[in-house]
Each structure stands twice: as structure tokens, then as C-alpha cells.
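Structure first, then comments.
In the UniProt record's numbering, the protein residues as written are 1 to 297.
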């Protein structure tokens, strides 16, 4: 099995945050088209079964692997013990289906699904608040790792950890048990230079979302104080090869660091504007070509 595999998130077909985008598309369409394109695995979305056996039964006919699955955490408002109780079944579902990373999203106080300007996102305002959160997160990550699943923290627009400075702070205060999910699109939209952030935190990165951006639209989003849903609807994000991020440079950094894991194509878009199959194929073909150029296909 290759050290790097290409997977995809079903968001190309239907969006959990904005169900009106592709809500009518059945999961079977995403899985069959993804398999036909060449993807080896899928992340979870809201249309998957909620139990381990059900997930396996859905993926097996397509010979697809379970890459990972998003977990909506409220650790910023709960104790570590409460969050461990809440996350346990999700960890079990992932582990039983062979996934070794968990996509961790902090949704406490998040505005990612609301029509609220991103500048109004939540923040930790004191060193004490940061340290309290970091300590709880390390304890939670220690629990998931004990079950064979590493917590991959998703820096995300509209949430507590969005900017490069936020990522720096979180990584400095948490233990090595806490892995980082590097999302190129959220990194750029959050004010970061993806290549710089990737290099800085390469030792903690355990999962990768390759999302592209259209830089002129990003500028509009910032100038007009858009919400995250506004960004999605207006085409801020797209798949690798369709925007302005240099994925060849990012991939070279990952390879130099001997990254072993998934490259997940992900782009929050309206499938009525960006047809699912065509864009999923563009993302796959872009990454496959980059890997082939480096003799790793």
C-alpha cells in the first residue's frame, strides 16, 4: 500500500453545513462516482450511517476505505471527561473501519454555519483560557490515541482556531498527542501562507485536506466581511488545480518530511455551479499527476 493515498470528502456532492447544496444527491452517487474517478477512500458526512457496521456495509461494495470522519466537539464549553464520553462512539466507529485519524472540529461558539461575519468568530482572550483549553485537548487526544486513532485538529474558519497565530498557540500549548490537520484552503482564508504554515508545523501534521482558493474571491470576502456560508456560495473555495494555491510546493514539503497518510480533496462549493463529478475529477487528476511526476503513484 502506498505511503500517500488520495481520498475525498463527500462535500463535493452535498454540504452538511448548507444542506440545500446537493441535499438531494444520495450518498451512493458520491461513492460510485468517486470510485470511478480513482479515489481510494472517503471521509464521512451526514449521509453515512452512524454505526460502525453500517459504515463498513456502505463502503464495502465500492471497495473504498474509510479515511476519517469529522467530529463536532464542544470541548471549549465542556470538561475533558464529558468530551471523552461524547467522542467514544465516534472513535470506535473509526477504529473498527480502519481509520487512524479523527477530524476534530471545535464547534462550541463557532459561527461557521451562520450568516455572521467571520470577524465575529469566537476567541480565547487570555493565556489562562488558552492553557485550560489546550490541557483538556491533550487529555482528549491521549484518549483517542489509546484507541488507535490520532486526533487531527482542524483549524477552521469561524471557530476558535482559525489564524496562523491561533495554530501556533495551540501547537505550542498542547502535547504531541494532538495532531494537526493541515487544510490549505482554510489556512489561506484564515490569513496564512500555506507553504509557511505547513513547514512550521510539519512534525505535528497527521492529516491533510487539499482545498484550493480563488484569491480574488478571498479578497472580496475579506473586504465585504462575508460569513463562511457567504464564502461557500460565492466560490471562495475550489478543488486543487482550479485555483491559486501551489500544491506542488506543498506536496514537496510533505514528501521531504516522509508524510504517510491521506491527501483529501475537499472544496465547499455549490454543486449546481461546480458539477460534482467534473470538479472531483479535476482535484484527483491534479494530485495524481503531481504524485506521478515524483514517481510515487
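In this text, a Cβ means the ideal position worked out from N, Cα and C, and glycines have one as well.
By how many angstroms is the C-alpha of residue j removed from the C-alpha of residue i?
i	j	result
residue 11	residue 70	12 Å
residue 347	residue 99	Outside the shown range of the chain, which is 1 to 297, sits residue 347, and nothing can be said about it.
residue 160	residue 118	11 Å
residue 22	residue 274	11 Å
residue 20	residue 293	39 Å
residue 137	residue 147	16 Å
residue 164	residue 194	9 Å
residue 210	residue 253	13 Å
residue 285	residue 93	30 Å
residue 208	residue 65	16 Å
residue 317	residue 222	It is not possible to answer for residue 317, since the shown part of the chain is limited to 1 through 297.
residue 288	residue 5	9 Å
residue 114	residue 295	43 Å
residue 198	residue 95	27 Å
I believe residue i touches residue j by the beta-carbon criterion, under 8 Å. Please report the beta-carbon distance rounded to the nearest angstrom.
i	j	result
residue 157	residue 112	6 Å
residue 152	residue 206	5 Å
residue 52	residue 97	6 Å
residue 87	residue 280	Going by Cβ atoms, the distance from residue 87 to residue 280 rounds to 29 Å, so no, they are not a contact pair.
With a threshold of 16 other CB atoms inside 10 Å of the CB of residue i, please say whether the residue is buried or exposed.
i	result
residue 297	Only weak support exists for where residue 297 lies, its pLDDT of 45 falling under 50; the coordinates are left without a value.
residue 269	buried
residue 290	buried
residue 54	exposed
residue 90	buried
residue 166	buried
residue 256	exposed
residue 246	exposed
residue 82	exposed
For the candidate residues the options, whose alpha-carbon lies nearest to that of residue i?
i	options	result
residue 236	43, 185, 281, 255	185
residue 32	13, 50, 24, 18	13
residue 201	144, 183, 214, 73	183
residue 131	84, 57, 173, 215	173
residue 243	88, 101, 212	212
residue 110	73, 246, 215	73
residue 124	234, 108, 288	108
residue 35	50, 116, 7	7
residue 260	204, 135, 190, 189	204
Residue i lies in the beta strand (DSSP E); which residues open and close that run?
i	result
residue 65	65-68
residue 186	Element bounds for residue 186: not the beta strand (DSSP E) but the alpha helix (DSSP H), 184-189.
residue 261	261-265
residue 5	4-8
residue 249	Counting along the chain, residue 249 falls outside any beta strand (DSSP E), though it belongs to the alpha helix (DSSP H) covering 247-256.
residue 154	150-154
Over the uninterrupted alpha helix (DSSP H) stretch that includes residue i, give me the two end residues.
i	result
residue 51	Counting along the chain, residue 51 falls outside any alpha helix (DSSP H), and DSSP gives it neither H nor E.
residue 239	Neither: residue 239 is in no alpha helix (DSSP H) and is coded neither H nor E.
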